[in-house]
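Written out below as structure tokens is the structure these notes cover.
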Amino acid sequence: MAQLGGKYDQLLWLQFTNTHVTVATMCVGVYEYLITLDDEVQLVWNKRVNAPTMLLIASRIVMVLGPLMNCLPLLSIGRWCRVRALVSLPMHLACMVITRLFSALRVYALWKGTKIRWMCIPIVLARAVVPVATTIFSAVHATYGSTMITSTISVCVEVANLSPGANRNTLLLAQQRHSSRCARAHPDVGQVTAARVAYEGSEAELISGDACASGWHDIFLGQVFNTILQSMPMVLIQRFMLNIRQLDRVTEIGEDSWSAELSSVGSIDFRVPSHFLGNIGEPLDCGHDGEGGFDGDSESRIVEDVSDDVVGGRIFE
Numbered sequence: 000m001a002q003l004g005g006k007y008d009q010l011l012w013l014q015f016t017n018t019h020v021t022v023a024t025m026c027v028g029v030y031e032y033l034i035t036l037d038d039e040v041q042l043v044w045n046k047r048v049n050a051p052t053m054l055l056i057a058s059r060i061v062m063v064l065g066p067l068m069n070c071l072p073l074l075s076i077g078r079w080c081r082v083r084a085l086v087s088l089p090m091h092l093a094c095m096v097i098t099r100l101f102s103a104l105r106v107y108a109l110w111k112g113t114k115i116r117w118m119c120i121p122i123v124l125a126r127a128v129v130p131v132a133t134t135i136f137s138a139v140h141a142t143y144g145s146t147m148i149t150s151t152i153s154v155c156v157e158v159a160n161l162s163p164g165a166n167r168n169t170l171l172l173a174q175q176r177h178s179s180r181c182a183r184a185h186p187d188v189g190q191v192t193a194a195r196v197a198y199e200g201s202e203a204e205l206i207s208g209d210a211c212a213s214g215w216h217d218i219f220l221g222q223v224f225n226t227i228l229q230s231m232p233m234v235l236i237q238r239f240m241l242n243i244r245q246l247d248r249v250t251e252i253g254e255d256s257w258s259a260e261l262s263s264v265g266s267i268d269f270r271v272p273s274h275f276l277g278n279i280g281e282p283l284d285c286g287h288d289g290e291g292g293f294d295g296d297s298e299s300r301i302v303e304d305v306s307d308d309v310v311g312g313r314i315f316e
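Each residue of the sequence shown is one higher than the one before, counting from 0 in numbering that gives the first Met the number 0.
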């Protein structure tokens, strides 16, 4: 029994970690949004809005709302599990779409001027179509339930890609087989207890051994990594787009030469061409003196740097 108590302690610690990671990602998203709100106003809303700027705005919205949806409370009723999953679904889909669109945008900039970009961009976009389609199909055909692992830990269970009736029977069968394996693996547990499982409003009694708690270790650990992997891409994407250096006052020749030079594959000084991304970013440590955030001295210095780059000199300091 001491060994069993240790397993429950580990489960409680993992649940504690999962909860705090979820709250931490939400705090990171809110903090990142607040400290860059001034840059968003200066570099997006004071400029002409185009498709890339909308992508930036969407990434910032999902960066805040996505983790917030993950912080919704989990109640031990199957109907709430379904509501929680469907509410979080749009944010999950938006995260996948924004990530793939941003990847396609970078592919376009990297291979600009070459025919290979027309082969790479469809491949990148296809990587968004497949998971989005399968996720929607899974959500439509899913049956949701919740089970109490301990008196304080509730877990949602999902079975998809079958008819609703078969989903429910499969969920029951899977839980029963899992309980039987746990009971056989831990004969010293003694009398098994009944766990109440809810299926979209209807409840069913299910025999579950106390030792089954050990089987949920990987589930909670996976939730921790899943929370991080779903939240951090939006933070990185919007920060990358905000930090792109854009030049508002350069000649057309200088701009074209600069873009062609920096768009070469393998260049460590790569910058996305401003005619594609639009005026959506500049170094966050730059001031915002005047329109575009440059004063006379900084403008002349940048134009000089671009001129040096055209003849093979330095890019930026």
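The beta carbon of each residue, even a glycine, is placed where N, CA and C say it ideally should be. On a predicted model such as this, the values are computed, not experimentally measured, just so you know.
* Asked: Any idea what DSSP makes of Cys26, helix, strand or coil?
  -> On the sequence shown, position 27 is the one that residue 26 refers to. Helix.
* Asked: Could one say the Cβ of Ala127 lies closer than 8 angstroms to chain B's Cβ atoms, at least one of them?
  -> In summary, chain B is missing from the structure at hand, where a single protein chain is found.
* To do: Counting only the same chain and skipping the five closest in sequence on each side, list residues whose C-beta sits under 7 angstroms from that of Val223.
  => The sequence position of residue 223 within the sequence shown is 224, counting from 1. So the list reads Thr16, Asn17, Val20, once near-sequence residues are dropped.
* To do: Measure the alpha-carbon distance for Met240 versus Trp79 and round it to whole angstroms.
  => Working through the sequence shown from its first residue, we reach residue 240 at position 241. Working through the sequence shown from its first residue, we reach residue 79 at position 80. In a straight line, the C-alpha of Met240 is about 37 angstroms away from that of Trp79.
* How would you label Leu343, buried or exposed, when you count the other beta carbons within 10 angstroms and need 16 or more for buried? -> Nothing can be reported for residue 343, as the shown portion of the chain is limited to 0 through 316.
* Asked: By how many angstroms is the C-alpha of Leu104 removed from the C-alpha of Val129?
  -> Here residue 129 refers to the residue found at position 130 of the sequence shown. Here residue 104 refers to the residue found at position 105 of the sequence shown. About 19 angstroms.
* **Residues near Glu31 in its chain [Cβ-Cβ closer than 6 angstroms; skip 5 each side]** => What you label residue 31 is simply residue 32 of the sequence shown in a count that begins at 1. Only Val234 meet the Cβ criterion.
* Exposed or buried, what is Arg59 when buried is set at 16 or more other beta-carbons lying within 10 Å of its beta-carbon? -> What you label residue 59 is simply residue 60 of the sequence shown in a count that begins at 1. So Arg59 counts as buried.
* **Local conformation of Asn225 per DSSP, three classes** => For the purposes of this step, residue 225 is taken as residue 226 along the sequence shown, with counting starting at 1. Looking at Asn225 - three-state DSSP - the assignment turns out to be helix.
* For Arg126, which of Ser102, Met53, Trp110, Ala84 has the nearest alpha-carbon? -> Locating residue 126 in the sequence shown gives position 127, counting from the first residue. Nearest to Arg126 by C-alpha distance, out of Ser102, Met53, Trp110, Ala84, is Ser102.
* Where Leu283 and Ser137 are concerned, what is the direct C-alpha to C-alpha distance, given to the nearest angstrom? -> Looking up residue 283 in the sequence shown gives position 284. Looking up residue 137 in the sequence shown gives position 138. Reliability fails at Leu283, whose pLDDT of 38 lies under 50, so the model's placement of it is uncertain and no value is given.
* Starting from Gly65, follow the alpha helix (DSSP H) in both directions and report where the run begins and ends. => As a position in the sequence shown, residue 65 is number 66, starting the count at 1. Element bounds for Gly65: 50–69.
* Asked: According to the neighbour-count rule (16 or more other Cβ atoms, all chains shown, within 10 Å of its Cβ), is Met25 buried or exposed?
  -> Here the question's residue 25 lines up with position 26 in the sequence shown. Per the 10 Å Cβ criterion, buried.
* Straight-line gap, Leu55 to Gln237 (C-alpha atoms, nearest Å) -> On the sequence shown, position 56 is the one that residue 55 refers to. On the sequence shown, position 238 is the one that residue 237 refers to. Spanning the two alpha carbons is a distance of roughly 6 angstroms.
* **Arg47 - DSSP class collapsed to helix/strand/coil** => What you label residue 47 is simply residue 48 of the sequence shown in a count that begins at 1. Of the three classes helix, strand and coil, the one that applies to Arg47 here is coil, per DSSP.
* **Same chain only: Cβ atoms within 8 angstroms of Ala57, ignoring 5 sequence neighbours per side** => Here residue 57 corresponds to residue number 58 of the sequence shown, with the count starting at 1. Correct list, in chain order: Ala93, Ile97.
* Just how far apart, CA to CA, sit Ile122 and Met95? -> The residue you call residue 122 lines up with position 123 of the sequence shown. The residue you call residue 95 lines up with position 96 of the sequence shown. Approximately 15 angstroms, taken between the alpha carbons.
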